[in-house]
Amino acid sequence: MKVKSLATSGIIAALYIAVSMLIAPLAFGALQFRIAEMFNHLVVFNKKFFVGIVIGVLITNLFSPLGMYDLIFGLGQSVLALSITIFAKRFIKGHVKQMIFGTLVFTFTMFLIAIELNLAFQLPFLYTWLTVAVGELVVMGIGIPIMLALNKRINFSKLIED
Amino acid sequence: MMEKMIFGRFMPGDSFVHKLDPRSKLLFVFAFIIIVFLANNPVTYAALFVFTLLVIFVSRIKLYFLINGLKPVIILMAFTFLLHIFFTKEGELLYHWKFISIYEEGLKQGIFISIRFLVLVFMTSILTLTTSPISITDGLEVLLNPFKKLKLPVHELALMMSISLRFIPTLMDETDKIMKAQMARGSDLSTGPIKERVKAVVPLLVPLFVSAFKRAEDLATAMEVRGYRGGEGRTRYRQLKWDSKDTLAILLLVAMTALLITLRS
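If you read the sequences in order, they're chains A and B. The first sequence begins at 5 in our numbering and counts up by one. The second sequence begins at 1334 in our numbering and counts up by one.
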């Protein structure tokens, strides 16, 4: 791994945590806890964002109240969904379509979190899945126009290149 | 808020738990999360609870901080409790009022799951309250070492985590500054229709991204100039030391596991 991408990924992770937590409560009220998920869209612009996002998720989960339990499932969900989104870029053209697909992938893979809660606290699987998936769908849906607007001004793909 | 969650959480101290090696603490908590699932009757759940209280006592953490850590999950916990109480229809009927009926088995399950929830959250909180984020990262790096054989870039992962932990406060300050600057220009993040609020986020994120990437570039240059070339042959500023305390902690956990296995039904 090159030094530049090490440094960039570390800082993206920090950004993921800082932004999500500071801006979120002001802007979106009840949705604040999951707003960081919006950053998942970044891989659509350049797959090199993958590592940074995964580290961000790792740190967030490491310090979450459920700790390492969250770590395994939360990280698993992010890695899986991000990989599928990156892989699908070969077949889907256009950032908007890719982001919509990514949103659906993330929403669907929330079943892993539902499995986690089901195993740990015997919460009903389907109902839990529905609840966590809706949150994800809304946040990532809102994320699409934000990411598009951002990309227009700061070209994400070029930002992380070389 | 996140700053509170990550950095404000660590309470420096010199208790037995504080002095443990991060590796033993990580192993301890990790194993504990697994053995929690061994409990399946009142005695074993009581044992888990007492064990957790004991660890809290030894760590000399004020109960207030632990309860604070519970806040983000209190709704989930209450929901889980109520769900088990109202929807388990086994055992003797304890209480009935109109369409609400509580059964013995439901009450039992509700209490069991709540205890499981509590001990999980408390144990994790003790780990993050007594161990600084940077030593957690150090410990994690060593524990993940075996995965190097599977081509997992363990050293790089740990380094990126350290970089990230180092820059979270810096970027939070920056976010705060930009937010205030934009508010002074009349940007409004907290009122108005959702569409307007979403729009207001963009002028916040643009400068933040640009400056963050500039920082990354500076950092990369600084690392190159100082001759950073990966984990091979690198020496450490912070040395980890495993001593008898750590072995004792692990033995305690083994004893607890044996106890749970004998007492469970």
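Just so it is clear, CB atoms sit at the ideal spot from N, CA and C, and this is done for glycine as well. These numbers were taken from a predicted model, which means no experiment stands behind them.
Run through DSSP, which three-state label would residue i get?
i	result
I146 of chain A	helix
F1343 of chain B	coil
S1447 of chain B	helix
S1465 of chain B	coil
W133 of chain A	helix
I1435 of chain B	strand
L75 of chain A	helix
L1593 of chain B	helix
L127 of chain A	coil
Y1397 of chain B	helix
Y1561 of chain B	coil
I57 of chain A	helix
F43 of chain A	helix
R94 of chain A	coil
S1348 of chain B	coil
L84 of chain A	helix
D1471 of chain B	helix
N1373 of chain B	coil
D1299 of chain B	Here chain B covers residues 1334 to 1598 and nothing more, so residue 1299 of chain B does not appear.
I1459 of chain B	helix
N50 of chain A	coil
S13 of chain A	helix
Q21 of chain A	Per the sequence shown, residue 21 of chain A should be read as Ile rather than Gln. The answer is helix: DSSP assigns I21 of chain A an H, G or I state.
M1556 of chain B	helix
S68 of chain A	coil
S1357 of chain B	helix
M167 of chain A	Summary: the structure shown does not reach residue 167 of chain A, with chain A confined to residues 5 through 166, and so no result is reported for it.
Along chain B, in chain order, which residues have C-beta atoms closer than 9 angstroms to that of residue i?
i	result
M72 of chain A	L1359, V1362, F1363, I1366, T1457, L1460
I150 of chain A	V1531, K1532, V1534, V1535, L1538
Nearest to residue i by alpha carbon, out of the options?
i	options	result
S1465 of chain B	A:I59, A:I21, A:L66	A:L66
V1391 of chain B	B:G1439, B:S1348, B:S1495	B:S1348
L1440 of chain B	B:L1453, B:V1452, B:L1416	B:L1416
S1598 of chain B	B:A1364, B:N1374, B:K1358	B:N1374
L1490 of chain B	B:L1403, B:L1552, B:D1354, B:L1473	B:L1473
H45 of chain A	A:L86, A:T64, A:M72	A:L86
K1358 of chain B	B:T1461, B:K1482, B:L1537	B:T1461
I1467 of chain B	B:R1449, B:L1498, B:V1475	B:L1498
I104 of chain A	A:P128, A:L116, A:V143	A:V143
R1571 of chain B	B:L1483, B:F1365, B:S1495, B:A1379	B:S1495
L1409 of chain B	A:L127, A:V47, A:A153	A:L127
L1586 of chain B	B:Y1378, B:R1393, B:P1355, B:V1388	B:V1388
T107 of chain A	A:E120, A:G139, A:F95	A:G139
P1540 of chain B	B:S1577, B:L1573, B:R1530, B:K1513	B:K1513
In chain B, which residues lie with their C-beta within 7 angstroms of the C-beta of residue i?
i	result
R157 of chain A	V1539
Who are the neighbours of residue i on chain A, taking C-beta pairs under 9 angstroms?
i	result
Y1561 of chain B	V7, L10
Name the chain B residues that come within less than 8 angstroms of residue i, Cβ to Cβ?
i	result
V23 of chain A	L1504, T1508, L1538, L1541
L163 of chain A	F1542, F1546
L154 of chain A	V1535, L1538, V1539, F1542
What does residue i touch in chain A if you count any residue whose Cβ is under 7 angstroms from its own?
i	result
L1501 of chain B	The sequence given here has Ile at residue 1501 of chain B, not Leu. Those are A18, I21, A22, listed as they occur along chain A.
R1548 of chain B	I15
F1450 of chain B	F125
L1396 of chain B	Neighbours of L1396 of chain B on chain A: none; closest Cβ ~15 angstroms, over 7 angstroms.
Check whether the Cβ of residue i sits closer than 7 angstroms to any heavy atom of the ligand ATP, and report yes or no.
i	result
V109 of chain A	This structure simply doesn't include the ligand ATP, nor any ligand for that matter.
Using the beta-carbon of each residue, which ones in chain A are nearer than 8 angstroms to residue i?
i	result
L1492 of chain B	L10, G14
M1556 of chain B	V7, L10, A11
I1446 of chain B	F125, Q126
> Should the stretch 1381-1389 of chain B be regarded as contacting the stretch 81-101 of chain A, the criterion being three or more beta carbon pairs within less than 8 angstroms?
Replying inline: no
>> For a minimum of 3 consecutive residues, which ranges assigned as the beta strand (DSSP E) are wholly contained in the stretch 1564-1590 of chain B?
In response: Counting whole runs of 3 or more residues, the stretch 1564-1590 of chain B contains no beta strand (DSSP E) stretch at all.
> At a cut of 8 angstroms, does the stretch 1493-1508 of chain B reach the stretch 13-25 of chain A through at least three beta carbon pairs?
Replying inline: Because the criterion of three Cβ pairs below 8 angstroms is met, the stretch 1493-1508 of chain B and the stretch 13-25 of chain A touch.
> Which runs of the alpha helix (DSSP H) spanning at least 4 residues fall entirely within the stretch 1481-1526 of chain B, listed in chain order?
Replying inline: Fully enclosed alpha helix (DSSP H) runs of 4 or longer: 1487-1517.
> Is the stretch 50-63 of chain A touching the stretch 73-87 of chain A, taking contact as three or more C-beta pairs under 8 angstroms?
Replying inline: yes
> Any chance the stretch 1398-1412 of chain B sits against the stretch 1350-1365 of chain B, with 3 or more Cβ pairs inside 8 angstroms?
Replying inline: no
> Taking one C-beta from the stretch 1420-1435 of chain B and one from the stretch 136-154 of chain A each time, how about it: are there three or more such pairs within less than 8 angstroms?
Replying inline: Counting Cβ pairs under 8 angstroms, fewer than three are found: no touch.
> At which residue ranges does the stretch 1406-1431 of chain B contain complete alpha helix (DSSP H) runs of 4 or more residues, listed in the order of the chain?
Replying inline: 1407-1420
>> Under 8 angstroms: do the stretch 1420-1428 of chain B and the stretch 1445-1452 of chain B share three or more Cβ pairs, one atom per stretch?
In response: no
>> I'd like to know if the stretch 152-164 of chain A and the stretch 49-57 of chain A are in contact, where contact means that at least 3 CB-CB pairs between them fall below 8 angstroms.
In response: yes
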